[in-house]
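Residue numbering for the first sequence is 1 to 422, as defined by the working numbering.
Glycine included, every Cβ here is placed at the ideal spot set by N, Cα and C.
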Amino acid sequence: MLALVDCNNFYASCERVFDPKLKHRPVVVLSNNDGCIVARSQEAKALGLQMGEPYFKVKELLDRHKVAVFSSNYALYGDMSQRVMTVLQQFAPDVEIYSIDEAFLDLDGFRDLPELARTIRETVRQWTGLPVSVGIAPTKTLAKLANDTAKKNPGYNGVCVLDTPELWKPLLHEFEVGDVWGIGPQYKKLLNKHGINTALQFSQLPETWLRKHMSVVGARTAKELRGQPCLELELHADLKKGITVSRSFGKRITEFTELEQALASYVSRAGEKLRRENLLAKHMLVFMHTSPFAKDAAKDPYYAPSLSFAMPLHTNYTPELIHYALRALKEMYRPGYRYMKCGVMLTDLLPEGTETLDLFDRRDTVKQSKLMAAMDQVNQKMGTRTLFYAGAGIRQKWSMIAARKSPSYTTDWQGLIQVKAV
DNA sequence: TCTGGGGTCCTAGGACCC
DNA sequence: TCTGGGGTCCTAGGACCC
């Protein structure tokens, strides 16, 4: 048996932990650049606010209902996530951290699963302040479904155990096929067209049909709904395939030098990520684009070039990465466009020390990694951008908007919560 | 008029996830 | 004026090889 433990409205709940005044107030958290809504408290959902809804479109509604609005604070959410995972690891030896707010637990050999599920839920609540839901079933897909059921139906008190077909079959019959894990909007449309509306109907489709229309992935999902495990618990993350850093700008950019600064700082971030995981990259993709939402396409045309190339040698040395990225940028840049976003993707990754040595490699890689290590250390200790490349710009006029960010209560001394006796 | 077959590697695009 | 960011997996089709 597997458990899926999932934090309820994770980002919104994190904000609430440190500000009790928010307890019964609707809360929403915005994406980068305060662009759209990415998390909603229960009360905010009840107001009809949708996931992914652009902020500017619902601003008035938010004001009217006195909704508490936050820019996203990833330092806070990341730290709270770690706390939750640490608690979960006390309950089971094998835990797969699936995302920032959910984990699968291997419960083989455990007895009285409903009682265990309630204990997990209460302990996380008590030790971190965060509400979670627990779903238990023999496969990941069913555990997801159980979790979803526990979350959406108050009668379950946040816990749902589906350990026999007699328990899950009636639920499958009630469950919308589009809400099944692994079935997105496209497949939902296709399935509905063929008269498949419930998870139960889907789970009974013939293998050949599934393979033909939804590939092996769809066939696996159906099997999992029948209680046949196809997806293993992934206990050790395998080698990363790629690292991407991209951002929308706080305002449109037209100048080459500003693009250069933005790209250089994203590439620096990508370099940090590589080094943190002791990886080297060989391949680079640089991309940029103007707004796809432009009202007047004649005045504000869409332009979205990208350049993908192999670097001569594997590297994680930021100046080298910046060099190739800026060269690509220069090649793609056309004046007269209003750029909205750019980014870099590094692929062909290899753990440090496993790359083949090149006879003609003239780089002093020892010196380079010492320099990078020193820089990373300073930035980790003193805050990001304590040390940075001048090419990334000293005054970043294009940087992101985060007008409503809460303090980083748990990771920054300045953000430490203050309690006053009166 | 008929125009092989099978393998591998790469890329682009489409689907999904949080 | 204002629409996020970072991933994974699968398949089809083209290039190339023998």
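Contact belief for residue i with residue j at Cβ below 8 Å, rounded distance in angstroms
{"i": "N197", "j": "G271", "result": "N197 to G271, Cβ: 49 Å. No contact."}
{"i": "V286", "j": "V344", "result": "5 Å"}
{"i": "C342", "j": "A262", "result": "6 Å"}
{"i": "L349", "j": "L239", "result": "7 Å"}
{"i": "T149", "j": "L167", "result": "The Cβ separation is near 11 Å, so there is no contact."}
{"i": "S248", "j": "N33", "result": "5 Å"}
{"i": "A3", "j": "I100", "result": "Not a contact, Cβ separation roughly 18 Å."}
{"i": "F256", "j": "Y333", "result": "5 Å"}
{"i": "I37", "j": "E53", "result": "5 Å"}
{"i": "S31", "j": "A12", "result": "Their Cβ separation, rounded to whole angstroms, is 13 Å, which puts S31 and A12 out of contact at 8 Å."}
{"i": "L113", "j": "D163", "result": "6 Å"}
Span separating the alpha-carbon of residue i from that of residue j
{"i": "D179", "j": "Y324", "result": "43 Å"}
{"i": "V29", "j": "G158", "result": "23 Å"}
{"i": "D254", "j": "I394", "result": "This sequence places Thr at residue 254; Asp is not what is there. Looking at the two C-alpha atoms, the distance is approximately 18 Å."}
{"i": "L205", "j": "A46", "result": "35 Å"}
{"i": "K223", "j": "R211", "result": "12 Å"}
{"i": "L371", "j": "I401", "result": "31 Å"}
{"i": "R404", "j": "N278", "result": "35 Å"}
{"i": "P185", "j": "A219", "result": "17 Å"}
{"i": "T221", "j": "R83", "result": "31 Å"}
{"i": "R118", "j": "N147", "result": "13 Å"}
{"i": "S72", "j": "Q377", "result": "25 Å"}
{"i": "K295", "j": "F56", "result": "15 Å"}
{"i": "W413", "j": "R16", "result": "19 Å"}
{"i": "Y409", "j": "H65", "result": "26 Å"}
{"i": "H283", "j": "M311", "result": "6 Å"}
{"i": "L49", "j": "V69", "result": "12 Å"}
{"i": "T208", "j": "A392", "result": "53 Å"}
{"i": "A281", "j": "G109", "result": "42 Å"}
{"i": "S215", "j": "F202", "result": "14 Å"}
{"i": "K420", "j": "F10", "result": "28 Å"}
{"i": "I243", "j": "P301", "result": "29 Å"}
{"i": "T384", "j": "M375", "result": "10 Å"}
{"i": "K381", "j": "L387", "result": "11 Å"}
Beta-carbon contacts of residue i that lie in its chain and below 8 Å, excluding the five residues immediately before and after
{"i": "D94", "result": "L105, D106, L233, L235"}
{"i": "K151", "result": "D6, N8, S133, G158"}
{"i": "M85", "result": "V95, I97, A103"}
{"i": "W181", "result": "K140, T141, K144, L145, T221"}
Top-ranked residue by Cα proximity to residue i, from the options
{"i": "F18", "options": "K45, C7, V5, Y77", "result": "Y77"}
{"i": "D361", "options": "L313, M284, E60", "result": "L313"}
{"i": "E331", "options": "L321, E174, R269, L307", "result": "L307"}
{"i": "E258", "options": "M382, L357, W398, L145", "result": "W398"}
{"i": "V177", "options": "S215, D163, K193", "result": "K193"}
{"i": "D364", "options": "E320, Q380, A403, T354", "result": "E320"}
{"i": "P26", "options": "E166, C36, V67, F56", "result": "V67"}
{"i": "P305", "options": "Q201, K299, Y339", "result": "Y339"}
{"i": "H289", "options": "R252, R276, K21", "result": "R252"}
{"i": "S265", "options": "T123, H283, E15, A390", "result": "A390"}
{"i": "Y156", "options": "L130, E115, P165", "result": "E115"}
{"i": "E174", "options": "R125, L200, P154", "result": "L200"}
For residue i, three-class secondary structure by DSSP
{"i": "S31", "result": "coil"}
{"i": "I100", "result": "coil"}
{"i": "V67", "result": "coil"}
{"i": "A262", "result": "helix"}
{"i": "A39", "result": "strand"}
{"i": "S13", "result": "helix"}
{"i": "A403", "result": "coil"}
{"i": "H442", "result": "In the structure as shown, the chain begins at 1 and stops at 422. Residue 442 is therefore absent and cannot be evaluated."}
{"i": "L4", "result": "strand"}
{"i": "R111", "result": "coil"}
{"i": "S408", "result": "coil"}
{"i": "G218", "result": "helix"}
{"i": "I120", "result": "helix"}
{"i": "E176", "result": "strand"}
{"i": "M51", "result": "coil"}
{"i": "D364", "result": "coil"}
{"i": "Y303", "result": "coil"}
{"i": "R275", "result": "helix"}
{"i": "Y339", "result": "strand"}
{"i": "L62", "result": "helix"}
6 Å Cβ shell around residue i - same chain, five flanking residues per side excluded
{"i": "L416", "result": "none"}
{"i": "T411", "result": "A75, D79"}
{"i": "E43", "result": "P26"}
{"i": "W127", "result": "V87"}
{"i": "L191", "result": "V177"}
Neighbourhood of residue i by C-beta distance below 7 Å, restricted to the same chain and skipping five residues each side
{"i": "V5", "result": "L88, E102, A103, L105, I120, V132, V134"}
{"i": "G336", "result": "none"}
{"i": "T123", "result": "V87"}
{"i": "S81", "result": "I100, D101"}
{"i": "D358", "result": "L313"}
Residue i Cβ short of 8 Å to the ligand MG heavy atom set
{"i": "D358", "result": "This structure lacks the ligand MG; in fact it carries no ligand of any kind."}
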